[in-house]
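Taking UniProt numbering, the leading residue of the sequence shown gets 1, the next gets one more, and so forth.
By construction, the Cβ of each residue, glycine as well, lies at the ideal position given by its N, Cα and C atoms.
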Amino acid sequence: MIYYNLKDHQEKIDFKNATIKGQGNEKGLFFPERIPQFEEEFIHNLHRYTHEEIAYRCMKDFVGDEIPSEILQEIVAETVNFDIPLVKINNQIAVLELFHGPTLAFKDIGARFMSRCLSYFLKDQKKKVTVLVATSGDTGGAVAHGFYKLPGINVVILYPKNRVSPVQEKQLTALGENISALEVDGSFDDCQNMVKLAFADAEINAKLLLTSANSINVARWLPQQIYYLIAYQQWIQQQNENPVISVPSGNFGNICAGLLAHFRGMPADHFIAACNDNHVIPDYLETQKFQPHTAVPTLSNAMDVGNPSNFVRIMELFGNQFDALKNTVSAYSVNDQETMNTITRIYQKYNYLLDPHTAVAFASLEKYLEENPGKKGFILGTAHPVKFPDAVEKAIHTSIEIPGSLNGLMKKEKKTVEINSDFEELKRFLLHKI
């Protein structure tokens with residue numbers, strides 16, 4: 001498979017180099033030159049396939065022969081080696097629980113796939129690779145865990161000070177070894193901008209072999225298709241009609257992967273981009289004007305993004321046709337009060353606990369179903385509620401039990417370097433500390 005740069009269509013690259021390079025010239029994102037279609041037989045008989053087989057069929061065309069089949073099968077087996085259940089809440093709504101992996105967040109799937117691909121590609125490489133990543137919450141922990149102690153790879157994670165939860169912070173700061181955490185006095189957008197500037201800096205690139213592990217990297221973005229197919233496999237055993245799919249949306253890599261799976265032949269009735277008070281895309285679908293803004297802090301902090309990087313990929317999928325996009329995707333903005341009310345209400349009514357991000361998607365799906373009676377759908381449950389104890393415990397007026405796997409982590413020492421939201425500080429760190 002060949003990938004082209006969305007900002008410079010002349011720049012073309014294979015899967016290996018797209019994974020290692022992360023992004024293209026002028027900070028452009030890579031996009032597959034063709035959209036491989038699923039065979040009708042595969043979709044029709046999805047119930048007969050294991051999760052590993054689904055993952056392999058999903059990724060094989062994008063990887064091509066750059067990773068041998070037997071190695072790719074091992075990689076996808078390690079990528080999906082935990083439960084991904086579709087839990088029915090009522091007759092209209094189910095939740096796909098993507099938080100049973102090692103860091104209790106949906107990003108475990110993309111991070112595990114990417115880390116193993118990168119490790120394979122670098123096995124004969126003399127020069128160490130530096131994975132440089134900005135996180136608004138869950139990416140950092142998933143990347144830190146996925147790359148921890150992998151030979152030939154250093155990881156540098158930027159995260160906004162006081163804007164991630166205590167569990168999220170420990171997951172990305174407590175490991176040490178080849179993982180460096182930079183605590184930035186600024187927003188996620190500041191962190192993301194600093195990372196993009198680093199990729200474009202000639203002096204840094206002369207010294208370091210940089211790649212990214214955000215969803216701007218194709219090896220992080222593309223495997224997210226896998227769990228949409230796993231969800232659909234379970235959905236058709238519960239329901240007769242195609243699902244409306246509601247996705248917590250910040251940087252828009254997650255919903256972009258779902259839309260890609262849909263373009264390849266996975267049935268879906270409609271997609272919902274569920275946003276918090278950072279409502280650039282809901283505004284765009286109303287006005288047709290794309291106006292990025294400074295990120296607003298909310299309870300669903302991993303979605304606090306004022307300029308979603310992956311939206312250009314979504315527009316590319318739709319051939320930059322606004323009407324086609326609007327026919328397939330709706331977007332809603334849910335504020336913190338609505339988020340809290342949703343957590344409280346669903347817990348009281350169904351004894352089911354939502355984290356703030358999943359609550360935003362739940363509330364958004366409810367709004368859509370109210371406007372479109374008779375439809376049914378599922379939500380992507382992107383994080384375990386325990387990662388956001390302050391908000392969740394306040395909403396349900398009781399404490400939540402911490403899984404045993406987190407007890408040891410929370411006792412570990414936080415290891416960070418504090419920096420301002422000044423690119424020159426990041427540059428000094430990369431040139432002199434790595």
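Original post:
What are the boundary residues of the beta strand (DSSP E) that includes S246?
Top reply: V244 to P248
Original post:
Under three-state DSSP, which class holds F121?
Top reply: helix
**OP:** Over the uninterrupted beta strand (DSSP E) stretch that includes L197, give me the two end residues.
**Re:** First-last for L197: F188 to A200, but that is the alpha helix (DSSP H), not the beta strand (DSSP E).
**OP:** Report back the beta-carbon spacing between P36 and R264 to the nearest angstrom; my notes put them in contact at under 8 Å.
**Re:** 6 Å
Original post:
Any idea if E203 is buried or exposed, counting beta-carbon neighbours within 10 angstroms, 16 or more meaning buried?
Top reply: Its Cβ having fewer than 16 others within 10 Å, E203 is exposed.
Original post:
To the nearest whole angstrom, what separates the beta carbons of Y148 and I179, a pair I think is in contact under 8 Å?
Top reply: Between Y148 and I179 the beta-carbon gap is near 6 Å, inside 8 Å, which marks them as a contact.
Original post:
Cα separation between A77 and V184?
Top reply: 35 Å
**OP:** Using three-state DSSP, classify D323 as helix, strand or coil.
**Re:** helix
Subject >> N-terminal and C-terminal residue of the alpha helix (DSSP H) that Q10 is part of >> reply: Here Q10 belongs to no alpha helix (DSSP H); instead the beta strand (DSSP E) covers D8 to D14.
**OP:** Starting from the C-beta of C58, find all residues in its chain whose C-beta is less than 7 Å away, skip the five residues before and the five after it, and write them out in chain order.
**Re:** Q225, I226 and L229
**OP:** Tell me whether A144 sits in a helix, a strand or coil according to DSSP, three-state version.
**Re:** helix
**OP:** Could you give the DSSP three-state label for N217: helix, strand or coil?
**Re:** coil
Original post:
For the putative contact between G141 and A105, defined by C-beta atoms under 8 Å, what is the C-beta separation to the nearest angstrom?
Top reply: Yes, they are in contact, since the Cβ atoms of G141 and A105 sit about 7 Å apart, within 8 Å.
Subject >> Collapsed DSSP secondary structure at V167 in the structure displayed >> reply: helix
Subject >> Residue from V218, V195 and Q337 with nearest C-alpha to L260 >> reply: The shortest Cα separation from L260 among V218, V195 and Q337 belongs to V218.
Original post:
What residue from K16, E41 and H9 has the CA that sits closest to K27's CA?
Top reply: H9
Subject >> DSSP beta-bridge partners of C58 >> reply: Looking at the DSSP assignment, C58 forms no beta bridge with any residue, so it has no partner.
**OP:** Determine the extent of the beta strand (DSSP E) in which T130 is found, giving its start and end residues.
**Re:** V129 to A134
Subject >> Rounded distance between the beta-carbons of S215 and V195, thought under 8 Å >> reply: Their Cβ separation, rounded to whole angstroms, is 12 Å, which puts V195 and S215 out of contact at 8 Å.
Subject >> Helix, strand or coil at L426 [DSSP, three-state] >> reply: The answer is helix: DSSP assigns L426 an H, G or I state.
Original post:
How would you label K411, buried or exposed, when you count the other beta carbons within 10 angstroms and need 16 or more for buried?
Top reply: exposed
Original post:
Do the segment 232-252 and the segment 387-398 touch if we need at least three Cβ pairs shorter than 8 Å?
Top reply: no
Subject >> beta strand (DSSP E) segments (min. 3 residues) lying fully within the segment 338-423 >> reply: Within the segment 338-423, the complete beta strand (DSSP E) runs of at least 3 residues are 377-381 and 417-420.
Subject >> Meets three-Cβ-pair contact criterion under 8 Å: the segment 298-316 and the segment 334-345 >> reply: Taking a cut-off of 8 Å for Cβ pairs, the segment 298-316 and the segment 334-345 touch, as three or more such pairs fall below it.
Subject >> Residue interval of the alpha helix (DSSP H) (run including E41) >> reply: E40 to H44
Subject >> Segment contact, 8 Å Cβ cut-off, at least three pairs: the segment 128-143 with the segment 415-425 >> reply: Verdict: no, contact absent.
Original post:
Alpha carbon to alpha carbon, how far is E413 from N162?
Top reply: 17 Å
Original post:
Hey, would you say N20 sits closer than 8 Å to F121, going by beta carbons?
Top reply: Correcting the residue type first, residue 20 is Ile in the shown sequence and not Asn. Yes, these two residues count as a Cβ contact at 8 Å.
Original post:
Which ranges would you report for the alpha helix (DSSP H) in the segment 278-317 if only whole runs of at least 4 residues count?
Top reply: As far as the segment 278-317 is concerned, its whole alpha helix (DSSP H) runs of at least 4 residues are 280-287 and 311-317.
**OP:** Using a threshold of 8 Å, state whether the C-beta atoms of F113 and I75 are closer than that.
**Re:** yes
**OP:** Could you spell out the range, first to last residue, of the alpha helix (DSSP H) harbouring L229?
**Re:** Segment Q225 to Q238, the alpha helix (DSSP H) holding L229.
Original post:
Do you know how far the Cα of Y56 is from the Cα of L72?
Top reply: Straight through space, the alpha carbons of Y56 and L72 are spaced by roughly 7 Å.
Original post:
Is the CB-CB distance between A174 and K326 below 8 Å?
Top reply: no
Subject >> Spatial distance of A395 from T358 (CA atoms) >> reply: The alpha-carbon atoms of A395 and T358 are separated by roughly 14 Å.
Subject >> Status (buried if at least 16 other CB within 10 Å, exposed otherwise) for P292 >> reply: So P292 counts as exposed.
Original post:
Would DSSP call L431 helix, strand or coil?
Top reply: helix
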